[in-house]
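The next block holds one structure in the form of structure tokens; read it before the comments.
Residue numbers (this note's numbering), protein chains in the order written: chain A, 1 to 151; chain B, 1 to 252.
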């Protein structure tokens with residue numbers, strides 16, 4: 001009877017090794033895996049908070065109209081009423097927070113970005129060949145960007 | 001209590017302990033609304049792109065780079081614009097160009113002879129429901145948030161580039177400064193504050209519009225019902241959430 005298990009010490013050693021390995025794995029996992037990993041899925045839940053807390057660079061239309069009501073009134077009847085301020089003026093969250101000066105874009109480069117004639121643009125979109133149309137003058141000689149139309 | 005019951009009970013407690021502990025932390029701190037699974041579950045973000053409205057001015061590309069601190073060098077884009085020109089005599093092979101991703105707009109092309117068709121296609125991460133990049137990530141650094149935005153955890157990313165390879169839309173790149181994967185986050189830091197994305201904010205023709213599919217009042221529901229809407233590479237079965245109106249069949 002005892003003959004069958006006379007080498008049982010080997011089994012005990014193997015069991016010890018397995019137990020030590022499992023224990024080591026659990027300790028390593030507890031150390032390396034963040035506490036919130038797996039809360040929502042196979043990722044660290046804190047990453048959502050990190051992504052959501054980054055600073056905003058474009059303040060949005062609302063941050064502009066809070067102060068510049070006069071510009072809103074100027075733009076209302078024109079064809080640019082639906083264009084948001086930061087399309088032309090660039091990011092202005094810092095200006096809205098009072099930390100930086102506003103930026104006026106260069107009309108020599110600004111208008112042609114949208115209104116230079118090219119075949120890929122929709123045909124109904126207003127576009128011109130600026131060299132023929134303006135004859136070397138800037139667009140703001142005749143047009144005012146806040147309410148375009150010939151003035 | 002016998003041994004079997006004890007083992008079952010302790011097993012359940014072990015499985016539930018992590019999220020329950022986190023939720024309990026918030027409850028003890030007096031802010032139960034900040035507990036997990038409260039935020040983001042009310043939204044399912046998508047985007048509408050109308051090809052016929054895009055004028056290729058590049059405002060969205062510039063705004064995205066400014067908003068998200070994307071490197072200014074070429075080949076690093078979270079969103080970009082491509083120009084397609086189709087020769088009617090060879091409609092299967094459109095000419096596609098995207099100089100610096102459309103950052104500085106597009107130079108005029110020589111006047112084509114005949115009835116060429118040309119248009120602009122803005123592109124960005126499609127925030128797929130079944131995104132391949134999420135599947136291949138070995139460490140869980142790229143994931144889909146509860147409100148449907150595919151994000152990258154830069155602290156966790158090891159820069160193995162599997163996701164860059166796996167994305168069928170070419171939306172990912174390795175940031176040369178951090179050597180981690182980077183991609184469009186749908187301006188998650190803005191939409192979580194009630195703002196729209198930077199590219200939608202600056203598009204002068206509103207060719208791009210952010211949409212919330214879980215909001216029954218959102219115009220996207222009417223839009224999807226009344227327009228011929230397509231998604232990029234539907235045969236890949238990734239279920240993208242950027243819906244294109246008037247998309248030409250040759251666009252890839």
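Beta carbons are placed, not taken as given, at the ideal position from N, Cα and C, and that holds for glycine. Since we're looking at a predicted model, the values are computed, not measured.
Taking the DSSP output, what are the residues bridged to residue 245(B)? 50(B), 229(B)
If we call anything under 9 Å between Cβ atoms a contact, is residue 197(B) one with residue 152(B)? no
Just the chain B side, please: which residues come within less than 8 Å of residue 142(A) by C-beta, in chain order? Here the premise fails: no neighbours, minimum Cβ distance about 20 Å.
Taking only three categories from DSSP, how would you classify residue 185(B)? coil
When we look at the beta-carbon of residue 53(B) and count the other beta-carbons within 10 Å, is it buried (16 or more) or exposed? buried
How would you list, in chain order, the residues of chain A whose beta-carbon sits under 7 Å from the beta-carbon of residue 67(B)? 57, 58, 91
With distances taken from CA atoms, which of 130(B), 216(B), 150(B), 87(B) is nearest residue 78(B)? 150(B)
Does the count of Cβ pairs from the segment 86–95 of chain B and the segment 109–123 of chain B closer than 8 Å reach three? yes
Residues of chain B with CB under 9 Å from residue 87(A), in chain order? 57, 59, 63, 201, 202, 203, 204
Could you pull the DSSP bridge partners for residue 93(A) from this structure? For residue 93(A), which the question treats as bridged, DSSP gives no partner whatsoever.
Per DSSP, what kind of secondary structure is residue 137(A) in: helix, strand or coil? coil
Continuous alpha helix (DSSP H) stretch holding residue 14(A): start and end: 8–32
So with Cβ pairs under 9 Å, would you call residue 83(B) a contact of chain A? yes
Check the Cβ of residue 175(B) against every Cβ in chain A and list those closer than 8 Å, keeping chain order. What residue 175(B) touches in chain A: nothing, since even the nearest Cβ is about 14 Å away.
So what does residue 82(B) bridge to, in DSSP terms? 121(B)
Please classify residue 36(B) as buried or exposed, where buried requires at least 16 neighbouring CB atoms within 10 angstroms. Confidence at residue 36(B) is low in this model, with a pLDDT of 46, below 50, so its placement is unreliable and no value can be given for it.
Residue 125(A): contacting residues in chain B (beta-carbon distance under 8 Å): 55, 205
Assuming contact is defined by CB atoms lying nearer than 9 Å, are residue 103(B) and residue 97(B) in contact in what I supplied? no
Straight-line Cα distance separating residue 74(B) from residue 19(A): 54 Å
Amino acids of chain A, ordered along the chain, whose beta-carbon sits closer than 7 Å to that of residue 192(B): 52
Please return the same chain residues whose Cβ sits closer than 8 Å to the Cβ of residue 31(B), not counting the five positions on each side in sequence. Because the pLDDT at residue 31(B) is just 47, under 50, the model does not fix this residue reliably, and the point stays unresolved.
At least one CB of chain A closer than 9 Å to the CB of residue 158(B): is that the case? no
Tell me whether the beta-carbon of residue 129(B) lies closer than 9 Å to the beta-carbon of residue 238(B). yes
Touch test, the segment 57–69 of chain B against the segment 86–96 of chain A, Cβ-Cβ under 8 Å, three pairs minimum: yes
Find out if the Cβ-Cβ distance for the pair residue 82(B), residue 206(B) is shorter than 9 Å. no
Are residue 125(B) and residue 242(B) touching if we call contact CB-CB under 9 Å? yes
Mind checking if residue 37(B) is an interface residue toward chain A, Cβ cutoff 9 Å exclusive? Because the pLDDT at residue 37(B) is just 43, under 50, the model does not fix this residue reliably, and the point stays unresolved.
Could you check how far apart the C-beta atoms of residue 60(B) and residue 122(B) are, in whole angstroms? I think they sit under 8 Å. 6 Å
Name, please, each residue of chain B whose Cβ falls closer than 7 Å to the Cβ of residue 41(A). 143
For the putative contact between residue 56(B) and residue 124(A), defined by C-beta atoms under 8 Å, what is the C-beta separation to the nearest angstrom? The Cβ separation is near 15 Å, so there is no contact.
Do three or more CB pairs link the segment 2–9 of chain B to the segment 8–17 of chain A at distances below 8 Å? no
In whole angstroms, give me the CA-to-CA distance for residue 96(A) and residue 29(A). 46 Å
The beta strand (DSSP E) enclosing residue 97(B), as first and last residue numbers: 95–97
So, with DSSP's three-state summary, where would you put residue 99(A)? coil
Hey, does residue 118(A) have any beta-carbon neighbour from chain B nearer than 9 Å? yes
Sorted by chain position, which residues of the same chain lie with C-beta nearer than 7 Å to residue 132(B)'s C-beta, five sequence neighbours on each side aside? 166, 167, 168, 238
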